[in-house]
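Going down the list, the sequences are from chains V and X.
Counting from 1, position 166 in the first sequence corresponds to residue 165 in numbering that gives the first Met the number 0; the numbering is continuous, with no gaps.
Counting from 1, position 127 in the second sequence corresponds to residue 126 in numbering that gives the first Met the number 0; the numbering is continuous, with no gaps.
We put the CB at the ideal spot given by N, CA and C, even for glycine.
This structure is a prediction, so every number in the text was calculated from the model and none was measured.
There are 2 protein chains.
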Amino acid sequence: MMFDRLCIIGVGLIGGSVARAARSQGLARCIVGYGREQEKPNLETAKRLGVIDEYFLDIGPALREADGVVIAVPVGAIESVFEQLKPYWSDNCIYSDVGSTKSNVIVAAGRVFGTVPANLVPAHPIAGAENSGVEAALPDLFQRRRLIVTPLPQTEPSALNKIQVFWERMGAQVSVMSADHHDAVLAATSHLPHLLAFALVDMLGRQDEQCEIFKYAAGGFRDFTRIASSDPTMWRDICAANKEQLIPLLHQLKTELDKIEQLLADNDGRRLFETFSYARNARQRFLDQLEN
Amino acid sequence: MMFDRLCIIGVGLIGGSVARAARSQGLARCIVGYGREQEKPNLETAKRLGVIDEYFLDIGPALREADGVVIAVPVGAIESVFEQLKPYWSDNCIYSDVGSTKSNVIVAAGRVFGTVPANLVPAHPIAGAENSGVEAALPDLFQRRRLIVTPLPQTEPSALNKIQVFWERMGAQVSVMSADHHDAVLAATSHLPHLLAFALVDMLGRQDEQCEIFKYAAGGFRDFTRIASSDPTMWRDICAANKEQLIPLLHQLKTELDKIEQLLADNDGRRLFETFSYARNARQRFLDQLEN
Numbered sequence: 000m001m002f003d004r005l006c007i008i009g010v011g012l013i014g015g016s017v018a019r020a021a022r023s024q025g026l027a028r029c030i031v032g033y034g035r036e037q038e039k040p041n042l043e044t045a046k047r048l049g050v051i052d053e054y055f056l057d058i059g060p061a062l063r064e065a066d067g068v069v070i071a072v073p074v075g076a077i078e079s080v081f082e083q084l085k086p087y088w089s090d091n092c093i094y095s096d097v098g099s100t101k102s103n104v105i106v107a108a109g110r111v112f113g114t115v116p117a118n119l120v121p122a123h124p125i126a127g128a129e130n131s132g133v134e135a136a137l138p139d140l141f142q143r144r145r146l147i148v149t150p151l152p153q154t155e156p157s158a159l160n161k162i163q164v165f166w167e168r169m170g171a172q173v174s175v176m177s178a179d180h181h182d183a184v185l186a187a188t189s190h191l192p193h194l195l196a197f198a199l200v201d202m203l204g205r206q207d208e209q210c211e212i213f214k215y216a217a218g219g220f221r222d223f224t225r226i227a228s229s230d231p232t233m234w235r236d237i238c239a240a241n242k243e244q245l246i247p248l249l250h251q252l253k254t255e256l257d258k259i260e261q262l263l264a265d266n267d268g269r270r271l272f273e274t275f276s277y278a279r280n281a282r283q284r285f286l287d288q289l290e291n
Numbered sequence: 000m001m002f003d004r005l006c007i008i009g010v011g012l013i014g015g016s017v018a019r020a021a022r023s024q025g026l027a028r029c030i031v032g033y034g035r036e037q038e039k040p041n042l043e044t045a046k047r048l049g050v051i052d053e054y055f056l057d058i059g060p061a062l063r064e065a066d067g068v069v070i071a072v073p074v075g076a077i078e079s080v081f082e083q084l085k086p087y088w089s090d091n092c093i094y095s096d097v098g099s100t101k102s103n104v105i106v107a108a109g110r111v112f113g114t115v116p117a118n119l120v121p122a123h124p125i126a127g128a129e130n131s132g133v134e135a136a137l138p139d140l141f142q143r144r145r146l147i148v149t150p151l152p153q154t155e156p157s158a159l160n161k162i163q164v165f166w167e168r169m170g171a172q173v174s175v176m177s178a179d180h181h182d183a184v185l186a187a188t189s190h191l192p193h194l195l196a197f198a199l200v201d202m203l204g205r206q207d208e209q210c211e212i213f214k215y216a217a218g219g220f221r222d223f224t225r226i227a228s229s230d231p232t233m234w235r236d237i238c239a240a241n242k243e244q245l246i247p248l249l250h251q252l253k254t255e256l257d258k259i260e261q262l263l264a265d266n267d268g269r270r271l272f273e274t275f276s277y278a279r280n281a282r283q284r285f286l287d288q289l290e291n
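Right, dumping it as structure tokens:
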């Protein structure tokens, strides 16, 4: 048993899936949940479904005797969670999170604790689903998914190791890298595509109101814009938290679009073909990796 | 029987599917195919599969006694097909095409014939598939798909009507609009998304060569970039043919990206949320239409 008492802060899709996966792999003797007053119906559901053994609306009792804490709240709420945890912070407990951005977690911890605690291990499981809420939580959500941990120099090796093993036992493939590198990689492969999809559909939606263009859109458009149906609050928080990485990528993309515009204006079919072919081959490289 | 002898110029995925659909709906007594010498193996396959009754590598015999011709070649090849058709052009035949851009078809016809013939009805079935080639041709590819016809003032009403009915019998929902309007709508909902997907994957592919970012990309990225796996030759031709519509849209998109960058820089979470929410709702409107 890795944890005697595991406390999940925020029992939604990801927090609930951590609880279900930890339970199905026998990683915690007891799993409790914490949420705010307005999350009571959700926590009731989590308890009824057996995702958690008990829930609390007060942070103190929720943390009592916990030797593991997983923070699974929206990216924008991490600092206020640290504020709540601070009075109860325990050296006998290991803390981790699941946020989609990592530098902001470290900055927030530094602001609240003065220095980032050695028993806090920032982590990010690269997994999600179209649905949200604890009803959608799955015990195998992390199977064969990537998990990135971003330790600091002061991070206790034993705490880091325990979090790595915890996620490996839940089926994830664990990578270790700096928070900055994590944020740069995720900005490119996740945050920028989401921002682009939102931007395109925002722009075209306004044209559609004037002259019904969506009527003639087909399957390619559906796939391309799928991520524009993602939760706006969650993505506002992620984009804001990672704007230092996102803004330079937006500039790069605009340079790329300028290049392509120039090729079109110049009727440079050869280089247009080369660009499209390079992209097609690069995507194939991505697909080959996704399958392995 | 709508056509006694239907000639398909270019028997690939779309041309082959027109042949299969026309046969399964009993719209043509005899269906023949035409292609260039290097397409002989493909035409053999088409004949063996029963997609066409006969094929020709010479345009004259292919057109003999044809009362219907469907041109299903890549967008960039339309003008040279008109040149080939010109010596055999017949008033007893109706001509149509399936190109993804329409103004270029009209311009090409004008260049070759002096004025666009009254029995040429430009058309575009909004359908496709991941695969290409006659082996992938399906008799129901156009079922419940949109088909846009873009007649000119001189287009013979009887020819226009016959092409409309032909596509309706193959299951398509037919809309009539000007070629310019068609090209503007498709630039927005199809050509710009393809260009964007190619641009993004071209840019990120180069970063991946340096530091393995695709390793950490997930399902959202796979869907968003699916159209970057499209055929580079086909899309080079389409983008080049419709650059007059595409370039202004690229400018609009860059303005939209500038707007979003400013919201990020200003920490304007409220307007960022509004933009993402608007996009999400607009996409839902598109999905609702796609289902009906």
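task: Tell me, please, whether the CB atom of V/K101 is closer than 8 Å to any CB atom in chain X?
output: Output row for V/K101: interface = no.
- request: Thinking V/V80 and V/A61 are a contact (beta carbons under 8 Å), I'd like their distance in whole angstroms, please.
  value: Actually they do not touch by this definition, with Cβ atoms about 12 Å apart.
task: Just grab the DSSP bridge partners of X/Y94 for me.
output: X/Y94 pairs with X/V68, X/L119.
Of the residues X/H250, X/A126, X/A135, X/L84, the one placed nearest X/N118, counting alpha carbons only: Taking each of X/H250, X/A126, X/A135, X/L84 in turn and checking the Cα distance to X/N118, the smallest one comes out for X/L84.
- prompt: What residue from V/Q206, V/S16, V/A45 has the CA that sits closest to V/A126's CA?
  reply: Comparing alpha carbon positions, the residue from V/Q206, V/S16, V/A45 closest to V/A126 is V/S16.
message: Give me the chain X residues within the contact set of V/L185, using Cβ-Cβ distance strictly less than 8 Å, ordered along the chain.
response: Listed by position along chain X, the residues whose Cβ is nearer than 8 Å to that of V/L185 are Y215.
task: Spell out whether any CB of chain V is found under 8 Å from the CB atom of X/V200.
output: Yes, contact with chain V.
- prompt: Of all Cβ atoms in chain V, is any one closer than 8 Å to the Cβ of X/K39?
  reply: X/K39 has a beta carbon lying at 8 Å or more from every beta carbon in chain V.
- request: Count the CB pairs spanning the stretch 213 to 222 of chain X and the stretch 66 to 80 of chain X that are closer than 8 Å, and state whether there are at least three.
  value: Contact fails: fewer than three Cβ-Cβ distances are below 8 Å.
query: For X/I7, which three-state DSSP category applies?
result: Strand.
task: Note the first and the last residue of the continuous alpha helix (DSSP H) segment covering X/R28.
output: Looking at the DSSP string, X/R28 is not in any alpha helix (DSSP H); the run it does join, the beta strand (DSSP E), is 27 to 33.
message: Please classify V/C6 as buried or exposed, where buried requires at least 16 other C-beta atoms within 10 Å of its C-beta.
response: With 16 or more Cβ atoms within 10 Å of its Cβ, V/C6 is classed as buried.
- request: Measure the C-alpha to C-alpha separation of V/G218 and X/I147 and round it to an integer number of angstroms.
  value: Their backbone Cα atoms lie some 16 Å apart in a straight line.
message: Give me the subset of the stretch 154 to 184 of chain X whose CB atoms are less than 7 Å from a CB atom of chain V, sorted by chain position.
response: Answer set for the stretch 154 to 184 of chain X: V184.
Supposed close pair X/L199, V/C238 - CB separation, criterion 8 Å: With 8 Å as the limit, X/L199 and V/C238 do not qualify as a contact, their Cβ atoms being about 16 Å apart.
message: Assuming V/L305 and V/A20 are in contact, meaning their beta carbons sit under 8 Å apart, how far apart are those beta carbons, in whole angstroms?
response: The structure shown does not extend to residue 305 of chain V, since chain V is modelled only from 0 through 291, so no value can be given for it.
- request: Provide the residue(s) that pair with X/V175 in DSSP beta bridges, ordered along the chain.
  value: In DSSP, X/V175 forms a bridge with X/V148.
X/P124 - partner residues in DSSP beta bridges: The partner list for X/P124 (beta bridge, DSSP) reads X/L146.
Top-ranked residue by Cα proximity to V/F112, from V/V133, V/W88, V/Q172: Considering only alpha carbons, the answer is V/W88.
query: Quick one: which chain V residues come within Cβ less than 7 Å of X/L329?
result: Residue 329 of chain X lies beyond the stretch modelled for chain X, which goes from 0 to 291, so this question has no answer here.
task: Check distances from the C-beta atoms of the stretch 236 to 262 of chain X to those of chain V and list, in chain order, the residues that come in under 7 Å.
output: Of all residues in the stretch 236 to 262 of chain X, C238, A239, K242, L245, I246, L249, Q251, L252, K253, E255, L256, I259, E260 have a Cβ within less than 7 Å of some Cβ in chain V.
query: chain X partners of V/Y33, CB-CB under 8 Å?
result: What V/Y33 touches in chain X, judged by beta-carbon distance under 8 Å, is nothing: the nearest beta carbon there is about 25 Å away.
Close beta carbons around X/M0, own chain, < 6 Å, minus the five adjacent residues each side: Excluding residues within five positions, the ones whose Cβ falls inside 6 Å are R28.
message: Quick check: X/G170 and X/R205, are their CB atoms within less than 8 Å of each other?
response: For X/G170 and X/R205, no; Cβs fall outside 8 Å.
message: By the 8 Å beta-carbon criterion, what residues does the stretch 114 to 139 of chain X contribute toward chain V?
response: Along the stretch 114 to 139 of chain X, the positions whose C-beta sits under 8 Å from a C-beta of chain V are I125, A126, G127, read in chain order.
query: Short check: CB of V/P150 to CB of V/V175, under 8 Å?
result: Here V/P150 is near V/V175, since their CB atoms are less than 8 Å apart.
task: Check the Cβ-Cβ distances between X/S189 and every residue of chain V, and say whether any is below 8 Å.
output: Yes, X/S189 counts as interfacial toward chain V.
- prompt: Are the Cβ atoms of V/I58 and V/D96 separated by less than 8 Å?
  reply: Contact: no.
- request: Please confirm if X/P192 has its CB atom under 8 Å from at least one CB of chain V.
  value: Using a CB distance cut-off of 8 Å, X/P192 counts as an interface residue toward chain V.
Alpha-carbon spacing of V/A196 relative to V/D230, whole angstroms: Cα to Cα, V/A196 sits roughly 13 Å from V/D230.
- request: Would you tell me roughly how many angstroms separate the C-alpha atoms of X/S102 and X/D287, rounded to the nearest one?
  value: Each residue's alpha carbon lies about 30 Å from the other.
- request: Report, in whole angstroms, the separation of the C-beta atoms of V/L248 and V/L203, which I expect to be a contact under 8 Å.
  value: Contact flag wrong, Cβ pair sits at about 22 Å.
- prompt: Checking contacts by CB at 8 Å: is V/S16 closer than that to chain X?
  reply: The beta carbon of V/S16 does not come within 8 Å of any beta carbon belonging to chain X, so the residue lies off that interface.
- prompt: Out of curiosity, what's the CA-to-CA distance linking X/Y33 and X/L42?
  reply: It is roughly 8 Å from the alpha-carbon of X/Y33 to the alpha-carbon of X/L42.
- prompt: Checking contacts by CB at 8 Å: is V/P73 closer than that to chain X?
  reply: Using a CB distance cut-off of 8 Å, V/P73 does not count as an interface residue toward chain X.
- request: Under 8 Å by Cβ, that's how I've got V/V106 and V/I8 pegged, so tell me the actual separation to the nearest angstrom.
  value: Beta-carbon to beta-carbon, V/V106 and V/I8 are separated by about 19 Å, too far to satisfy the 8 Å threshold.
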